[in-house]
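**Student:**
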Amino acid sequence: MKRILSSLYLLLISIALLANDRFAVADIFTDHMVLQRNANVKVWGEGTDGSQIEVRFEGQNRKTVVAKGKWTVDLKTGEAGGPYKLEIVNGNHKICFKDVFVGDVWLAGGQSNMEFALRRVKDAQAEISLADYPQIRYYKVPRKFYPEQKVPGTSWKACSPETATDFAAIAYYFAKNIHKELNIPIGIIQVPVGGTTVEAWTSRKLLMSDKDFRPLLEYYDSIANSYRPGEYEKLYNNYHSSLAEYNKLSAEKKRYINKPSEPMGKWNFRRPVGLSETMLSAACPYTLKGFIFYQGESNTARGAQYRELFPAMIKEWRTSWGQGDIPFLFVQLPRFETKNRYWNELREAQYLTSLRVKNTGMAVAFDQGNPKDIHPIVKDTVGWRLAQLALGKVYGKKTIYQGPEFKKLSKAGNGSLLLDFINTGTGIIAKDGAASLSGFMVAGKDGKFYPAEAVIVSNSQVRVSSEQVQAPIDVRYLWVNSANPNFFNREGFPACPFRTDSYRLETEGVYVNPEPVMPKLDLFLFIGQSNMAGRGYITDNYKSSIKDVYLLTPTGTMEQARNPLNKYSTIRKQLDLQGVGPAYSFAKAITEKTGHQLGLVVNARGGSSINSWLKGARDDYYGEALSRIRQAMKYGKLKAIIWHQGESDSREPGLYMEKLKKLVADLRQDVGNENLPVIVGEIADWRANGTSEAFNKMLRTVPQHIPYSYCVSSRELVPLINESDPHFSADSQIILGRRYAEAAYEACYSQK
1417 MKRILSSLYL
1427 LLISIALLAN
1437 DRFAVADIFT
1447 DHMVLQRNAN
1457 VKVWGEGTDG
1467 SQIEVRFEGQ
1477 NRKTVVAKGK
1487 WTVDLKTGEA
1497 GGPYKLEIVN
1507 GNHKICFKDV
1517 FVGDVWLAGG
1527 QSNMEFALRR
1537 VKDAQAEISL
1547 ADYPQIRYYK
1557 VPRKFYPEQK
1567 VPGTSWKACS
1577 PETATDFAAI
1587 AYYFAKNIHK
1597 ELNIPIGIIQ
1607 VPVGGTTVEA
1617 WTSRKLLMSD
1627 KDFRPLLEYY
1637 DSIANSYRPG
1647 EYEKLYNNYH
1657 SSLAEYNKLS
1667 AEKKRYINKP
1677 SEPMGKWNFR
1687 RPVGLSETML
1697 SAACPYTLKG
1707 FIFYQGESNT
1717 ARGAQYRELF
1727 PAMIKEWRTS
1737 WGQGDIPFLF
1747 VQLPRFETKN
1757 RYWNELREAQ
1767 YLTSLRVKNT
1777 GMAVAFDQGN
1787 PKDIHPIVKD
1797 TVGWRLAQLA
1807 LGKVYGKKTI
1817 YQGPEFKKLS
1827 KAGNGSLLLD
1837 FINTGTGIIA
1847 KDGAASLSGF
1857 MVAGKDGKFY
1867 PAEAVIVSNS
1877 QVRVSSEQVQ
1887 APIDVRYLWV
1897 NSANPNFFNR
1907 EGFPACPFRT
1917 DSYRLETEGV
1927 YVNPEPVMPK
1937 LDLFLFIGQS
1947 NMAGRGYITD
1957 NYKSSIKDVY
1967 LLTPTGTMEQ
1977 ARNPLNKYST
1987 IRKQLDLQGV
1997 GPAYSFAKAI
2007 TEKTGHQLGL
2017 VVNARGGSSI
2027 NSWLKGARDD
2037 YYGEALSRIR
2047 QAMKYGKLKA
2057 IIWHQGESDS
2067 REPGLYMEKL
2077 KKLVADLRQD
2087 VGNENLPVIV
2097 GEIADWRANG
2107 TSEAFNKMLR
2117 TVPQHIPYSY
2127 CVSSRELVPL
2137 INESDPHFSA
2147 DSQIILGRRY
2157 AEAAYEACYS
2167 QK
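Numbering (the numbering used here), first residue to last: 1417 to 2168.
1) Taking DSSP as the reference, what is the three-state secondary structure of Pro-1645?
2) Closest by CA to Thr-1488, which one among Thr-1969, Cys-1575, Ser-1467?
3) With a CB to CB cut of under 8 Å and the five nearest residues on each side skipped, what residues in its chain are close to Pro-1970?
4) Does Thr-1480 come out as helix, strand or coil in the three-state DSSP assignment?
5) Near Pro-2171, which residues of its chain fall below 6 Å by C-beta distance, leaving aside the five closest residues on each side in sequence?
6) Measuring only the C-alpha atoms, how far is Met-1449 from Asn-1760?
7) Is the separation between the beta-carbon of Ala-2003 and that of Ile-1962 shorter than 8 Å?
8) Can you give the Cα-Cα distance for Arg-1763 and Asn-1599, rounded to whole angstroms?
9) Measuring alpha carbon to alpha carbon, tell me which residue in Val-2017, Trp-2029, Ser-2028 is nearest Ala-2056.
10) Restricting to Cα atoms, I'd like to know which of Lys-1827, Pro-1743, Ala-1640 is closest to Gln-1877.
11) In this structure, does DSSP put Gly-1497 in helix, strand or coil?
12) Which same chain residues end up closer than 6 Å to Ser-2166 when comparing Cβ atoms and leaving out the 5 residues on each side of it in sequence?
13) Counting only the same chain and skipping the five closest in sequence on each side, list residues whose C-beta sits under 8 Å from that of Glu-1462.
14) Taking the runs of the alpha helix (DSSP H) that are 4 residues or longer, which of them lie wholly in the stretch 2052-2119?
15) For Val-1471, which residues of its own chain have a beta-carbon under 7 Å away from its beta-carbon, when the five flanking residues on both sides are left out?
16) Express the C-alpha separation of Tyr-1588 and Ile-1544 in angstroms, rounding to a whole number.
17) Taking one C-beta from the stretch 1728-1748 and one from the stretch 1769-1785 each time, how about it: are there three or more such pairs within less than 8 Å?
18) How long is the line joining the alpha carbons of Ala-2020 and Ile-2058, rounded to whole angstroms?
19) Between which two residues does the alpha helix (DSSP H) harbouring Asp-2147 extend?
20) Just reading off the beta strand (DSSP E) that Pro-1370 is part of, what are its end residues?
21) Residues in its own chain within less than 8 Å of Asp-1465 by CB, not counting five upstream and five downstream?
22) Suppose the cutoff is 6 Å on Cβ atoms and the five residues either side in sequence are ignored; what does the same chain contact list for Asp-1890 look like?
23) Pick from Pro-1701, Gln-2013, Thr-1581: whose alpha carbon is nearest that of Glu-1975?
24) What would DSSP say about Phe-1837, mapped onto helix, strand or coil?
25) Would Arg-1723 pass as a contact of Leu-1768 if the rule is Cβ separation under 8 Å?
26) I'd like to check one pair, Phe-1752 with Asn-1897: are the Cβ atoms closer than 8 Å?
27) Between Ile-1586 and Lys-1795, how many whole angstroms is the CB-CB distance? I'm expecting something under 8 Å.
28) Please state the DSSP three-state secondary structure of Val-1928.
29) Output the residue ranges of the beta strand (DSSP E) runs that lie fully inside the stretch 2000-2046 and measure 3 residues or longer, sorted by chain position.
30) Mapping DSSP to helix, strand and coil, what is Asn-1775?
31) Residues in its own chain within less than 8 Å of Pro-1875 by CB, not counting five upstream and five downstream?
32) Distance check for Ser-2066 and Pro-1631, CA to CA, integer angstroms please.
33) Compute the distance between the beta-carbons of Pro-2135 and Ala-2100, then report whether it is under 8 Å.
34) Rounded to the nearest angstrom, how far is the Cβ of Ile-2045 from that of Leu-1937, given a contact under 8 Å?
35) One question on the structure: do Lys-1755 and Val-1521 come within less than 8 Å of each other, judged by their Cβ atoms?
36) Which same chain residues, not among the five before or five after Thr-2107, have their C-beta less than 6 Å away from its C-beta?
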């Protein structure tokens, strides 16, 4: 017995030891990876304190001991080559990575135009079918937006027609051109995420270190701390549910339904610092040749701040990698038409960064943009220009890798100015063969800029003048969001946008992206069951934007309303099944009659009884509606509640009034307005046994029992299908909405 107990004791000890014997290599190390050539390459992971780690690679055996759960080993790599094996041993554990190459590794970062996959480019299938480059590999860092998020693993992939579809297009063209020129393996680590600001890729410490950066964190913290317990999580889950429904819609239906927007908070990938702590840290400190970067669209409201914030981010990235001032190459924003952002000021911030920050380079891409599409589908030219920039600046190849850049201004007489340029290659040209260069403007002492005629006078000089400016002193070139440039050098590189003046920027003093300017809204809450959300078929007559009307989204923001207005009601599980509800014509009638701007909260539950709407009911429809109207009330004042419900209760009209009185009293108290108007609507006359008429007769007495209440008739409104259908047709819903509007006008706007 003692022997048995001893054996059992030893077994339990062994199990405990195994449970504590942890060992892992960082996820970024997988088969098919590329290690940086001629470098001290870092390999790292986790393990049990005090245990020994041995890393074997090409005759090297490097050892270290795990401390505080972490271990790191430096390997020396030589010239480009492969394939090799990388082995890592920890006691009885052994991991062997195969098909490892040594070459140059670049990290591709930024937002959507860098994330843009090869499968989405123009003529994608033709390019993908030829993408057989076994020595070009890429690693796509998992899209992890917050530390607790569980994401599937990934691995390095050799570029082939089967794998190239998910390759970031610009990084693919960059790698292809470098590989063909140098004949070495190229590895790309992809970390870009669409829609991200530059501050999402920085640390909290960095943002707190500067008075012009700190407001970014303070603004975010104020939002994150404003949620009541559980409120953000609920909004976030609503967002994901709506997004899943939206993604299933056809392209035609998406024309009438805006894509749901994610609420800002601890799980939002756009929040400051977030991706620096998750995705970027997953790739750091994997030894690199350098960075390529394409970002800025999300910062175009804050170009002045970007002058300092972007260089600060570059410095922080370099510090994190611990490789000194390794190359950082980036794309200057292309053209794009927008009226409320300043792409020109962001471009200038990028250009100044290329001048002031050591070992950086900028590829001009103004001509590669699409004025109507923020995501141009042609990416090969931008990738090629980045590659030429790398070949010239980083690899020392004797090649032209950039276009004309302004150097000097001088007066030329006759009211003209002479501009000297560098980086003109074999000469400057008007690419379209025109007699003059487009995009130039001049100004005199008054600072007013007018279009200028710009004529090439030599391989490196341009003369500019304007009949509207007799004595010009300043010049601007492409100081706009979008234009059609023709100023290039013969090697095909476009001239860099510039200005000679130093007038105040529109974005100076702007430290946080400004919220859309929202007018003060008259708010109306629409609640009830299926007829409130609507079942009528949506025809083209009802598919349209509605002037001066805003709709509360599932994430608590207001957006410009488009019919169907009820798309955010909760009656349907699928957005594409929404019908025409009374809110549509209600909104049109009120705005046309009053000139006021409205905010609508549509929150209906199909098949619900009044019991489920009472305060404290298990379903908590009351709490949901109250929460949403409170979210809306930051945009304006609640004018009235529109209530259409009763089909589920029409057999018991005698019990209904007391419940409705309690519901109204609770709502008025909780929104802080004891005199808040309430408008109820009669149900359809659809029950063969006459209970619908008895119920409507009861509803007509509501104004006698509830102060400041109104009842809207359903007479002459026809059903959707037949007399046995409780749902009004689309045309009847339009009439019902107008009747609601008449009552609301009398209750809220008339002088009675």
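Think of the CB as a built atom: it goes at the ideal place given N, C-alpha and C, for glycine as much as any other residue. Model, not experiment: these values are computed from the prediction.
**Tutor:** Well, looking at it:
1) Correct three-state label for Pro-1645: coil.
2) Ser-1467
3) Leu-1651, Asn-1654, Tyr-1655, Ser-1657, Ser-1658, Pro-1676, Tyr-1984
4) strand
5) The question about residue 2171 has no answer here: the residues shown for the chain are numbered 1417 through 2168.
6) Distance between the alpha carbons of Met-1449 and Asn-1760: 39 Å.
7) yes
8) In this structure, the alpha-carbon of Arg-1763 lies about 34 Å from that of Asn-1599.
9) Val-2017
10) Lys-1827
11) strand
12) none
13) Arg-1438, Phe-1439, Ala-1440, Val-1482, Gly-1485, Lys-1486, Trp-1487
14) 2069-2087, 2107-2115
15) Val-1459, Arg-1478, Val-1489, Leu-1491, Ile-1504
16) Rounded to the nearest whole angstrom, the C-alpha separation of Ile-1544 and Tyr-1588 is 10 Å.
17) Yes, they touch.
18) So the two alpha carbons sit approximately 11 Å from each other.
19) From DSSP, the alpha helix (DSSP H) with Asp-2147 extends over 2146-2164.
20) Here the chain has residues from 1417 to 2168 only, and residue 1370 is not among them.
21) These residues qualify, in order along the chain: Val-1482, Ala-1483, Lys-1484, Gly-1485.
22) Ala-1859, Thr-1916, Asp-1917
23) Ranking the options by Cα distance to Glu-1975, first place goes to Gln-2013.
24) strand
25) yes
26) yes
27) 5 Å
28) For Val-1928, the three-state secondary structure derived from DSSP is coil.
29) 2014-2020
30) coil
31) In the sequence under discussion, the amino acid at residue 1875 is Asn, which differs from the Pro named in the question. Same-chain partners within the cutoff: Thr-1840, Thr-1842, Gly-1843, Ile-1844.
32) 56 Å
33) Pro-2135 places its beta carbon less than 8 Å from that of Ala-2100.
34) Actually they are not in contact, since the Cβ atoms of Ile-2045 and Leu-1937 sit about 12 Å apart, beyond 8 Å.
35) Going by C-beta atoms, Lys-1755 is not nearer than 8 Å to Val-1521.
36) Ser-2066, Arg-2067
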